[in-house]
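*Asks:* Residue numbers (our numbering): 1113 to 1383.
1. For residue 1250, does the count of other Cβ atoms within 10 angstroms reach 16, so buried, or fall short, so exposed?
2. How is residue 1295 classed by DSSP in three states: helix, strand or coil?
3. For residue 1358, count the other beta carbons within 10 Å of its own beta carbon; 16 or more makes it buried, fewer makes it exposed. Which is it?
4. Along the chain, where does the beta strand (DSSP E) containing residue 1337 start, and where does it finish?
5. Can you name the start and end residues of the alpha helix (DSSP H) that residue 1380 belongs to?
6. Taking only the alpha-carbon atoms, compute the straight-line gap between residue 1307 and residue 1300 and give it to the nearest angstrom.
7. Select from 1293, 1223, 1170 and 1246 the residue whose C-alpha is nearest the C-alpha of residue 1200.
8. Taking the runs of the alpha helix (DSSP H) that are 4 residues or longer, which of them lie wholly in the segment 1145-1179?
9. Of the residues 1254, 1328, 1317 and 1160, which one's Cα is nearest the Cα of residue 1276?
10. Quick one: using the 10 Å Cβ neighbour count with 16 as the cut-off for buried, is residue 1197 buried or exposed?
11. Please classify residue 1209: is it buried, with 16 or more other beta-carbons within 10 angstroms of its beta-carbon, or exposed?
12. Among 1381, 1367 and 1373, whose alpha-carbon lies nearest the alpha-carbon of residue 1240?
13. Does the beta-carbon distance from residue 1390 to residue 1253 come in below 8 Å?
14. With 16 other CB atoms within 10 Å as the buried threshold, where does residue 1244 fall?
15. Contact between the segment 1325-1332 and the segment 1287-1306 is defined here as three or more beta-carbon pairs at a separation below 8 Å; is this criterion met?
16. Taking its Cβ as the centre, do 16 or more other Cβ atoms sit within 10 Å of residue 1229, making it buried, or is it exposed?
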């Protein structure tokens, strides 16, 4: 039937393009996938046919498809950028990040959902397995365009080794950003090793300095991200349980993650 329709259109309407039997099959699949979700129709019209097909073929659950539709619109992804984000399991990493948000962060920033990830994929740096924090930091600054793609385009880079003065001493924040959506400063502290609870004291100190001396009255309290090479989620939960700061602990990966492993973690978390 589909092949016959494609042949008929080619004979009777030769000026019409894009109605091959292959494309007609895709249109049929597209209709069947979204026919019961009319609220998504406006989103579908806002992105390219190529990106629509990518989402349709790569994302299976409707929640995942909606996530990628909204993210593609928000971030204005090209086809290549969307493929990279799906390959890096950004949906799973963001959902895990939402689950690990502290009550303090949610209370101070009610719109924080989907703003941060449980892990960040930095495969574009080409880092060796063993590397220093300074090498990591220099790589991120040099590849800031790719890092912003990973973070999200609401992040604006303020500076590296950002100086804050407390008393008669100078202190330096590894990377400082401003988040347009949350209207706040975001401090990144980099650790090229496994998370340790004592790392949090330094970051909390930086947030206090930012809020007292740098933040504008109209802006929201600053957020801190401790970006570690590895972490034990149970240790992180204990370390953050009494924290009064909107601080998060994330890990970074130097290669694309195992998507099935992340899906398993997500399933175990919400089952």
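Here a beta-carbon is modelled for each residue, glycine too, at the ideal position from N, C-alpha and C.
*Replies:* In this structure, then:
1. Looking at its Cβ environment, which holds fewer than 16 other Cβ atoms inside 10 Å, residue 1250 is exposed.
2. coil
3. Its Cβ being crowded by 16 or more others within 10 Å, residue 1358 is buried.
4. 1335-1342
5. 1371-1382
6. 14 Å
7. Looking at the Cα atoms, 1170 is the closest of the given residues.
8. 1153-1158 and 1161-1170
9. 1317
10. Classification of residue 1197: buried, given that the 10 Å Cβ count is 16 or more.
11. Under this definition residue 1209 is a buried residue.
12. 1367
13. No statement about residue 1390 is possible, as the shown extent of the chain runs from 1113 to 1383 and does not include it.
14. exposed
15. Note that the segment 1325-1332 touches the segment 1287-1306; at least 3 beta-carbon pairs, one per stretch, sit closer than 8 Å.
16. buried
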